[in-house]
Amino acid sequence: MAKTLFDKIWDAHVVKDIDSTRQVVYIDRHFIHEVTSPQAFSGLRNRNIGLFRTNQTTATADHNVPTLNQHLPIKDPLSRSQVDALSQNCKEFGVELYQLGHELQGIVHVIGPELGITRPGMTIVCGDSHTSTHGAFGNIAFGIGTSQVEQVFASQCLILSKPKTMRITVNGDLQKGVTAKDVILYIISKLTAAGGTGYFVEYAGSTFDSMSMEERMTICNMSIEMGARGGMIAPDETTFKYIKGRKFAPKGEQYDQAIRYWSTLYTDADAVFDVEHSYEAADIGPMLTYGTNPGMGIQVSEHIPNASEYLDPKQLTKSLDYMGLQEGQLLEGQEIQHVFIGSCTNARIEDLRSVAKFVDGKQKADHVQVWIVPGSKQVEQQAKKEGLDKVFANAGFQLREPGCSACLGMNEDKVPAGDYCISTSNRNFEGRQGPGARTILASPLSAAAAAIEGKIVDVRKYLN
Amino acid sequence: MEAFTRFKSTAIPLPIENVDTDQIIPARFLKAITKEGFGDNLFRDWRYNRNNNEVPGFVLNNPKYGGKILVAGKNFGCGSSREHAAWAIDGYGIKVVISSFFADIFKGNALNNGLLPIQVSEDQLDMIFKAIEEDHQAQFEIDLEAQQFTICDNGTQIKFDIDNYKKECLLKGYDDIDYLLDLKEEIVAFENQRTIH
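If you're matching them up, the sequences are chains A and B in order. Quick note: the first sequence uses this note's numbering, first residue 1, plus one each step. Quick note: the second sequence uses this note's numbering, first residue 465, plus one each step.
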């Protein structure tokens with residue numbers, strides 16, 4: 001029977017059918033971090049058991065770490081205790097940890113791919129909803145709660161109901177200045193913040209085929225923002241080349257063998273999805289959010305909707321009140337005070353390169369504070385090696401140390417109440433970047449342009 | 465996990481859609497390493513202003529409303545996977561959340577903590593909101609065994625769906641780990657027969 005890519009991988013991981021709706025599914029790789037793991041380790045201790053498969057677990061500290069002076073003890077006592085708890089737990093249970101200061105530390109969804117741990121055909125989980133990022137390599141990757149973290153610790157399995165499948169096809173070439181981030185914000189704006197709930201998404205079509213792995217990760221990363229548990233893209237030459245030679249990638253004969261298997265991972269021509277959506281790349285412009293969920297997005301050339309034409313007028317009014325914006329308004333020209341370039345969505349070396357290329361020789365606007373938070377130590381080192389740090393310094397941008405940072409404002413990296421921040425992260429929820437902070441989601445390129453101009457601009461006008 | 469028993473309670477109305485987990489429990493309160501105490505910061509930034517004073521208009525600060533049932537607009541619990549959201553709601557003393565639509569991860573997290581998410585139709589949700597609006601002391605009865613929710617004032621009964629396995633877990637207070645730990649031999653056998661990785 002013709003199968004989707006999702007079905008092929010899922011079926012290969014079913015240990016047992018419990019009943020008509022539930023299955024025990026084997027998990028190949030478990031990533032953990034300091035925020036959603038301590039209670040799961042406590043659970044193991046209470047049951048007096050260890051990890052079932054320690055060597056399939058990888059830990060890093062990312063959510064709650066400072067992004068300046070990482071060589072010094074963490075100032076905030078609660079943050080320090082949580083990061084210390086991760087170190088102690090990993091030591092006690094024998095889990096490989098890339099702790100703060102380690103040369104391989106970074107945002108969990110950045111380091112997995114960069115170390116070659118993330119590969120096609122796997123099942124991957126982490127106590128973080130943006131685990132969907134890893135799906136860019138053609139695997140099933142999704143976020144789980146802490147109870148499930150404990151389940152995977154204890155058994156390397158989860159009890160799951162198979163989700164429905166959705167295919168989102170985008171064909172054609174993107175306009176200059178339009179990036180992967182714009183594509184996914186466009187899709188979410190069409191499908192809404194709940195449009196993908198209950199589904200696992202496969203992204204297909206020539207637009208994704210021609211994207212780099214970094215761009216594909218940006219796409220899959222935000223699958224959860226339309227409610228989908230995960231997103232995936234079939235592996236191809238681009239995928240294989242990215243993995244080759246990475247620290248934990250299969251080598252020699254094992255690599256060749258892996259490629260033979262990975263090459264079978266695609267959706268069969270006559271496989272059927274529960275839902276299909278299709279878009280044209282040419283219709284997509286630079287995207288911005290104006291509201292308080294990632295589905296509330298428009299192209300830079302479009303006006304914020306009027307309440308009368310909006311599906312849920314009450315939500316629109318509440319969101320615009322919070323954002324200090326008006327219905328019918330254009331975002332172009334809106335002054336911003338902060339620029340955040342970072343997060344598991346857009347903090348890879350390619351993102352930093354695109355920003356550096358745009359700002360080289362330019363200066364940030366005086367009233368704007370610009371933070372660049374690399375996704376990992378390796379990204380930070382690579383950026384320095386390429387001299388991007390000097391470009392940023394000359395432009396007045398601050399290059400900080402790796403972590404989740406102002407994406408979720410768990411550490412001290414917060415946007416003050418009432419201020420606008422154009423952010424390359426993934427969520428514009430109320431208070432996400434700090435109590436009262438107003439987030440406008442955008443691509444690294446649009447964020448870089450806003451940093452220079454001090455206001456929202458159409459980046460296409462600045463490219464030749 | 466505590467076994468879920470039949471109960472009657474008043475309900476707290478929160479007629480807002482897309483309530484995300486950053487509203488339920490903001491990230492800055494996720495630094496704890498135990499499951500306790502999150503209830504104090506449930507809906508923190510809607511409940512308290514920046515000077516830590518209560519926001520009078522917010523429903524949790526309105527002495528008229530209370531109870532073990534939270535009734536919310538559609539797509540409740542969207543966003544982050546933080547189980548802290550379920551711990552915060554449970555920690556506040558809520559046992560049931562009613563909405564016309566739940567985000568996936570939140571729903572799973574709730575069930576794993578003995579917090580029952582009940583999905584109803586848009587019309588039923590409106591009816592429940594109306595019943596609370598008309599009488600803030602209105603009683604509702606939750607009977608998980610019968611999969612039934614009753615608006616006591618007028619006797620309206622609403623049937624709800626729940627996966628049989630999860631229903632048993634809630635009624636008995638079991639969790640998935642107990643089941644998986646018993647499965648070790650089968651999991652090892654699965655690992656041994658795999659040819660592809």
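Note that beta-carbon positions come from the ideal geometry of N, C-alpha and C, so glycine has one too.
Check: What is the residue span of the alpha helix (DSSP H) that valine 391 (chain A) lies within?
Finding: Numbered from 1 along the first sequence, position 391 holds the residue referred to as residue 391 (chain A). It spans 388-395 - the alpha helix (DSSP H) in which valine 391 (chain A) sits, taken as one unbroken run.
Margin query: Under 9 Å, Cβ to Cβ, is there at least one residue of chain A near asparagine 576 (chain B)?
Written below: The residue given as residue 576 (chain B) occupies position 112 in the second sequence. Cβ-Cβ to chain A under 9 Å: yes for asparagine 576 (chain B).
Checklist line | Spatial neighbours of phenylalanine 471 (chain B) in its chain, beta-carbon cut-off 8 Å, leaving aside the 5 residues before and after | finding: What you label residue 471 (chain B) is simply residue 7 of the second sequence in a count that begins at 1. Closer than 8 Å at Cβ, skipping near neighbours: Lys532, Lys559, Glu605 and Ile606.
Next item on the list: In the DSSP assignment, find the unbroken beta strand (DSSP E) run with methionine 341 (chain A) in it and report its ends.
Entry: Taking the first residue of the first sequence as 1, we reach residue 341 (chain A) at position 341. Per the sequence shown, the amino acid found at residue 341 (chain A) is isoleucine instead of methionine. First-last of the beta strand (DSSP E) with isoleucine 341 (chain A): 338-341.
Next item on the list: Kindly indicate if chain A contains any beta-carbon less than 9 Å away from that of glutamate 481 (chain B).
Entry: Here residue 481 (chain B) corresponds to residue number 17 of the second sequence, with the count starting at 1. Closer than 9 Å: yes.
Margin query: Within a Cβ cutoff of 6 Å, which residues of the same chain sit near proline 313 (chain A), ignoring the five residues on either side of it in sequence?
Written below: Start at 1 with the first residue of the first sequence, and residue 313 (chain A) comes out as number 313. Excluding positions up to five away in sequence, the list reads Ala307.
Check: Does the count of Cβ pairs from the region 27-37 of chain A and the region 118-127 of chain A closer than 8 Å reach three?
Finding: yes
Next item on the list: Give every residue of the same chain whose Cβ lies closer than 8 Å to the Cβ of glycine 662 (chain B), excluding the five residues on either side of it in the sequence, and list them in chain order.
Entry: Residue 662 (chain B) is absent from the model: chain B starts at 465 and stops at 661.
Check: In three-state terms, what does DSSP make of aspartate 542 (chain B)?
Finding: Numbered from 1 along the second sequence, position 78 holds the residue referred to as residue 542 (chain B). Sequence check: residue 542 (chain B) is cysteine here, not aspartate. Strand at cysteine 542 (chain B).
Notebook entry, point to check: Should leucine 478 (chain B) be labelled buried (16 or more other beta-carbon atoms within 10 Å of its own) or exposed?
Noted result: Within the second sequence, numbered from 1, the residue matching residue 478 (chain B) stands at position 14. By the neighbour-count rule (16 or more Cβ atoms within 10 Å), leucine 478 (chain B) is buried.
Next item on the list: Would you mind telling me which residues of chain B sit closer than 7 Å to leucine 31 (chain A), beta carbon to beta carbon, in chain order?
Entry: Mapped onto the first sequence, residue 31 (chain A) falls at position 31. In the sequence under discussion, the amino acid at residue 31 (chain A) is phenylalanine, which differs from the leucine named in the question. Under the 7 Å cutoff, chain B gives no residues; its nearest Cβ is about 12 Å from phenylalanine 31 (chain A).
Next item on the list: State the beta-bridge partners of alanine 59 (chain A) as determined by DSSP.
Entry: For this step, residue 59 (chain A) is matched to residue 59 along the first sequence. Answer is A:Ile32 and A:Leu97.
Notebook entry, point to check: Any contact of the region 507-515 of chain B with the region 80-100 of chain A, i.e. 3+ C-beta pairs under 8 Å?
Noted result: no
Next item on the list: Just the chain B side, please: which residues come within less than 8 Å of serine 129 (chain A) by C-beta, in chain order?
Entry: Within the first sequence, numbered from 1, the residue matching residue 129 (chain A) stands at position 129. Gly543, Ser544, Ser545 and Ile569, listed in chain order.
Margin query: Contact criterion: CB-CB distance below 9 Å. Does aspartate 640 (chain B) meet it with respect to chain A?
Written below: Taking the second sequence and counting its residues from 1, one reaches residue 640 (chain B) at position 176. Interface residue, yes.
Margin query: Under 8 Å: do the region 185-203 of chain A and the region 229-249 of chain A share three or more Cβ pairs, one atom per stretch?
Written below: yes
Note to self: Determine, for leucine 158 (chain A), whether the minimum Cβ-Cβ distance to residues of chain B falls below 9 Å.
What the structure shows: Walking along the first sequence from the start, residue 158 (chain A) turns up at place 158. So, interface residue.
Note to self: Just verifying my parser: in three-state terms, what is the DSSP assignment at glutamine 433 (chain A)?
What the structure shows: As a position in the first sequence, residue 433 (chain A) is number 433, starting the count at 1. It is coil, neither helix nor strand.
Checklist line | Within 9 Å, strictly: CB atoms of tyrosine 556 (chain B) and glycine 503 (chain B) | finding: Here residue 556 (chain B) refers to the residue found at position 92 of the second sequence. Here residue 503 (chain B) refers to the residue found at position 39 of the second sequence. Contact: yes.
Margin query: I'd like the span of the alpha helix (DSSP H) that includes cysteine 220 (chain A), first residue to last.
Written below: As a working note, residue 220 (chain A) is residue 220 in the first sequence. The continuous alpha helix (DSSP H) containing cysteine 220 (chain A) extends over residues 213-221.
Notebook entry, point to check: From what residue to what residue does the alpha helix (DSSP H) around alanine 356 (chain A) run?
Noted result: For the purposes of this step, residue 356 (chain A) is taken as residue 356 along the first sequence, with counting starting at 1. Element bounds for alanine 356 (chain A): 349-359.
Check: Quick one: Cα of alanine 450 (chain A) to Cα of leucine 316 (chain A), how far?
Finding: In the first sequence, the residue the question calls residue 450 (chain A) occupies position 450. In the first sequence, the residue the question calls residue 316 (chain A) occupies position 316. If I take the Cα positions, the gap works out to 25 Å.
Check: Going by C-alpha distance, which of A:Gln398, A:Ile159, A:Phe41 and A:Leu311 is nearest alanine 448 (chain A)?
Finding: In the first sequence, residue 448 (chain A) corresponds to position 448, counting from 1. When the alpha-carbon of alanine 448 (chain A) is set against those of A:Gln398, A:Ile159, A:Phe41 and A:Leu311, the nearest one is in A:Gln398.
Notebook entry, point to check: With distances taken from CA atoms, which of A:Glu380, A:Ala393 and A:Ile349 is nearest glycine 361 (chain A)?
Noted result: Mapped onto the first sequence, residue 361 (chain A) falls at position 361. Of the listed residues, the one whose Cα sits closest to glycine 361 (chain A) is A:Ala393.
Next item on the list: To the nearest angstrom, report how far apart proline 286 (chain A) and alanine 491 (chain B) are at their CA atoms.
Entry: Within the first sequence, the letter at position 286 stands for residue 286 (chain A). Within the second sequence, the letter at position 27 stands for residue 491 (chain B). Taking C-alpha positions only, proline 286 (chain A) is separated from alanine 491 (chain B) by approximately 29 Å.
Notebook entry, point to check: What does DSSP give as the partner residues of serine 376 (chain A) in its beta bridges?
Noted result: Indexing the first sequence from 1 puts residue 376 (chain A) at position 376. In DSSP, serine 376 (chain A) forms a bridge with A:Gly106.
Notebook entry, point to check: The alpha helix (DSSP H) spanning lysine 181 (chain A) covers which residue range?
Noted result: Taking the first sequence and counting its residues from 1, one reaches residue 181 (chain A) at position 181. Segment 180-191, the alpha helix (DSSP H) holding lysine 181 (chain A).
Notebook entry, point to check: Would you call the region 6-26 of chain A and the region 104-111 of chain A touching, i.e. three or more CB-CB distances under 8 Å?
Noted result: no
Next item on the list: Determine, using beta-carbon pairs with one atom in the region 38-48 of chain A and one in the region 652-660 of chain B, whether at least three such pairs fall under 8 Å.
Entry: no
Margin query: Could you check whether the Cβ of threonine 627 (chain B) sits closer than 9 Å to any Cβ belonging to chain A?
Written below: Indexing the second sequence from 1 puts residue 627 (chain B) at position 163. It is aspartate, not threonine, that sits at residue 627 (chain B) in the sequence shown. Yes - at least one Cβ of chain A is within 9 Å of the one on aspartate 627 (chain B).
Next item on the list: Taking valine 149 (chain A) as part of the beta strand (DSSP E), name the residues at either end of that continuous run.
Entry: Locating residue 149 (chain A) in the first sequence gives position 149, counting from the first residue. Where valine 149 (chain A) is concerned, there is no enclosing beta strand (DSSP E), although the alpha helix (DSSP H) it sits in stretches over 146-155.
Next item on the list: Closer than 7 Å by beta-carbon distance: list the chain A residues that pair up with alanine 491 (chain B), in chain order.
Entry: Locating residue 491 (chain B) in the second sequence gives position 27, where the first residue counts as 1. Neighbours of alanine 491 (chain B) in chain A, taken as residues at a C-beta separation under 7 Å, are given in chain order as Leu408, Gly409 and Met410.
Notebook entry, point to check: What is the DSSP secondary structure of histidine 303 (chain A), counted as helix, strand or coil?
Noted result: Taking the first residue of the first sequence as position 1, residue 303 (chain A) is located at position 303. When DSSP states are grouped into helix, strand and coil, histidine 303 (chain A) belongs to the strand group.
Checklist line | Beta carbon of proline 235 (chain A) nearer than 9 Å to that of arginine 427 (chain A) | finding: Residue mapping note: residue 235 (chain A) aligns to position 235 of the first sequence, counting from 1. Residue mapping note: residue 427 (chain A) aligns to position 427 of the first sequence, counting from 1. Taking 9 Å as the Cβ cut-off, proline 235 (chain A) and arginine 427 (chain A) do not qualify as a contacting pair.
Check: Taking C-alpha atoms, which residue in A:Tyr26, A:Gly454, A:Val457 and A:His71 lies nearest to glutamine 657 (chain B)?
Finding: Translated into positions along the second sequence, residue 657 (chain B) becomes position 193. Comparing Cα positions, the closest option is A:Tyr26.
Note to self: Quick check on alanine 550 (chain B) - is its C-beta less than 9 Å from some C-beta in chain A?
What the structure shows: Stepping through the second sequence from its first residue, residue 550 (chain B) is reached at position 86. Cβ-Cβ to chain A under 9 Å: yes for alanine 550 (chain B).
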